[in-house]
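Protein chains in written order, with the UniProt record's numbering: chain A, 1 to 253; chain B, 1 to 253. Backbone N, C-alpha and C define an ideal beta-carbon position, used for all residues, glycine too. Report on the following structure.
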DNA sequence: CGTTGTGAATGCCTTCACAGCA
DNA sequence: TGCTGTGAAGGCATTCACAACG
């Protein structure tokens with residue numbers, strides 16, 4: 001359980017600055033993350049950096065500057081450096097960052113050294129796409145269960161998994177010791193299944209259904225919604241179009 | 001082409017306040033949106049409000065207060081009101097909002113009254129899931145083409161569409177007059193296809209591939225990445241776990 | 001009288017410039 | 001000398017309280 005910290009550059013590292021509560025003497029942190037809290041906006045970019053670093057690693061790259069990494073991640077370099085500074089000082093001035101070391105540190109900060117056991121609820125095209133997504137396994141995420149309600153698909157195999165009946169949700173979650181869930185079900189049943197997941201002790205849910213889920217606040221819910229994204233694109237496209245028309249009208253005048 | 005404005009409460013509406021450039025005399029706006037610019041954070045929430053309103057409409061609901069709508073959308077009511085205020089004053093003090101009217105106004109602001117013709121590139125499980133997604137058609141988005149590179153799937157039918165060879169991308173985009181694209185292809189080929197889309201005049205792209213795409217800045221790109229979302233969940237779950245362990249350690253002391 | 005619309009205050013995110021260090 | 005790490009400044013976003021108004 002307690003994740004080994006990936007090291008390769010043993011410099012100053014120990015930081016005892018707790019996150020506010022329980023200050024005073026060193027609680028010394030049972031191996032795992034006693035890191036201070038990362039601002040949400042920065043947190044959301046860390047996976048991007050990690051992905052870029054991983055790509056560099058497989059290219060055999062050993063060092064990288066903030067400038068290059070920022071470019072690869074599509075941000076500017078001061079932003080990148082500030083983001084990394086929330087984790088610690090893992091670079092070398094005048095040189096740059098060690099690719100392997102930095103990726104290890106980001107992984108640790110994100111908690112990817114732990115074993116995440118993901119249950120996917122809903123085995124339609126989307127659920128199957130997710131189950132077969134290669135990006136999962138490579139990052140400490142293991143899909144341990146796949147559910148559906150349709151008797152026609154229950155029992156089918158997808159990759160290494162057999163689709164379980166959603167009736168047995170609670171039992172299978174317990175047996176597989178899943179600690180995360182992905183909801184890829186129709187909107188109408190999403191809230192009900194969310195409730196059952198929460199009831200079963202799941203506290204991290206990724207929701208693909210186009211509804212706002214209600215859950216206790218100790219449950220972390222994130223949503224992915226392509227309709228929303230398309231609508232935002234439509235807004236910008238419409239504006240671009242409108243200002244083009246306006247420009248043409250100005251010319252014609 | 002020029003979208004009809006959905007009306008049902010003809011009050012003060014005309015706003016000529018252009019977005020900065022081209023001020024002076026009334027350019028009078030060719031029917032469409034001459035609205036002022038909406039802050040990104042608010043913009044991202046409008047689709048959620050719209051979805052909640054649509055659900056209320058189909059429940060036969062006619063009026064709603066900011067409090068109720070906020071609840072349904074998972075935000076607090078001052079935030080909702082401020083967001084709506086960027087569009088205009090569409091409520092009635094002491095009463096609330098007309099559900100139909102407000103949803104029409106949000107749709108118009110987002111540009112959903114125009115016809116968006118979407119091409120989906122990549123017909124794997126994800127691409128098929130997207131092609132069959134019911135949320136598209138209902139919001140002014142029409143899937144007009146579906147591409148794949150695999151000779152085994154080219155020619156297959158998905159819903160009303162036949163899968164086209166990606167070799168004919170440019171030709172089919174032109175013929176179908178697509179003005180938006182969704183990329184649901186493997187990461188390795190995403191940038192190449194993005195380039196071809198841009199070359200063909202597409203300026204709005206929704207990217208599901210786990211790479212940062214490079215494109216000219218007049219091209220709007222949005223990304224959806226489940227690996228990123230899961231990693232953010234992992235971060236929070238790990239923290240919750242860590243602070244639980246810390247609490248237990250404090251008790252044991 | 002109840003609910004919207006909005007200035008003002010607060011807090012968070014980003015940018016910038018440069019100090020600090022290998 | 002060159003690149004990282006970070007305080008300080010500026011710009012958005014959110015919150016709040018209340019004025020405006022049907």
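- Annotation for residue 220 of chain A: the continuous beta strand (DSSP E) segment containing it runs 220-223.
- Residue 173 of chain B places its beta carbon less than 8 angstroms from that of residue 119 of chain B.
- For residue 129 of chain A, the neighbours in chain B by C-beta distance under 7 angstroms run, in chain order, 124, 125, 126, 129.
- In the three-state reduction of the DSSP assignment, residue 197 of chain B falls in the helix class.
- A Cβ-Cβ contact shorter than 8 angstroms links residue 39 of chain A with residue 86 of chain A.
- Relative to the Cα of residue 194 of chain B, the nearest Cα in the group B:177, B:221, B:178 belongs to B:221.
- DSSP places residue 120 of chain A inside the beta strand (DSSP E), whose first and last residues are 116-121.
- For the C-beta of residue 141 of chain A, the chain B residues within less than 7 angstroms are, from N- to C-terminus, 230.
- In this structure, residue 64 of chain A and residue 99 of chain A form a Cβ contact; the two beta carbons are roughly 5 angstroms apart against a cut-off of 8 angstroms.
- For the set A:251, A:123, A:182, the Cα lying nearest the Cα of residue 157 of chain A is the one of A:123.
- Of the residues B:97, B:57, B:96, B:48, the one whose Cα lies closest to the Cα of residue 75 of chain B is B:48.
- Counting along the chain, residue 232 of chain A sits inside the alpha helix (DSSP H) bounded by residues 226-252.
- Scanning B:235, B:175, B:128 for the CA closest to the CA of residue 108 of chain A turns up B:235.
- Residue burial annotation: residue 185 of chain A is buried, with at least 16 other C-beta atoms found within 10 angstroms of its C-beta.
- Identification of chain B residues near residue 47 of chain A by a Cβ-Cβ cut-off of 8 angstroms yields 225, 227, 228, 231, 232, ordered along the chain.
- Annotated as distal: residue 203 of chain A and residue 189 of chain A, with beta-carbon spacing of 8 angstroms or more.
- The beta carbon of residue 164 of chain A does not come within 8 angstroms of any beta carbon belonging to chain B, so the residue lies off that interface.
- Excluding residues up to 5 positions away in sequence, 158 lie with their Cβ nearer than 7 angstroms to the Cβ of residue 128 of chain B in the same chain.
- Ranked by how close their Cα comes to the Cα of residue 62 of chain B, the residues B:211, B:223, B:97 have B:97 in first place.
- Checking the DSSP bridge columns, you'll see residue 165 of chain B partnered with B:148.
- The distance from the Cβ of residue 205 of chain B to that of residue 187 of chain B is about 15 angstroms, inconsistent with a contact at the 8 angstroms cut-off.
- Interface flag for residue 133 of chain A against chain B is set, since a Cβ pair is found closer than 8 angstroms.
- Distance from the Cα of residue 101 of chain B is smallest, within the candidate group B:249, B:121, B:53, for B:53.
- Taking the C-beta atoms as reference points, residue 148 of chain A is found nearer than 8 angstroms to residue 166 of chain A.
- Chain A has no Cβ within less than 8 angstroms of the Cβ of residue 216 of chain B.
- Of all residues in the stretch 177-200 of chain B, only 179, 180, 182 come within less than 8 angstroms of chain A when Cβ atoms are compared, listed by chain position.
- Under DSSP, residue 98 of chain B forms a beta bridge with B:63.
- Residue nearest to residue 207 of chain A within the set B:230, B:201, B:130 is B:230 (criterion: CA-CA distance).
- Interface with chain A (8 angstroms Cβ-Cβ cutoff): residue 66 of chain B is excluded.
- Per DSSP, the continuous alpha helix (DSSP H) segment holding residue 129 of chain B begins and ends at 125-131.
- In this structure residue 161 of chain B does not touch residue 183 of chain B by the C-beta definition: roughly 17 angstroms separates them, more than the 8 angstroms allowed.
- At least one CB of chain B lies nearer than 8 angstroms to the CB of residue 204 of chain A.
- Between residue 214 of chain B and residue 80 of chain A, the alpha-carbon positions lie close to 18 angstroms from each other.
- Proximity of chain A to residue 237 of chain B at the Cβ level (cut-off 9 angstroms) is accounted for by 111, 114, 116, 179, 180, 203, 204, 220, in chain order.
- Residue 155 of chain A and residue 83 of chain A have their C-alpha atoms spaced approximately 45 angstroms apart.
- For residue 74 of chain B, the C-beta contacts it makes with chain A under 9 angstroms involve 212, 213, 214, in order along the chain.
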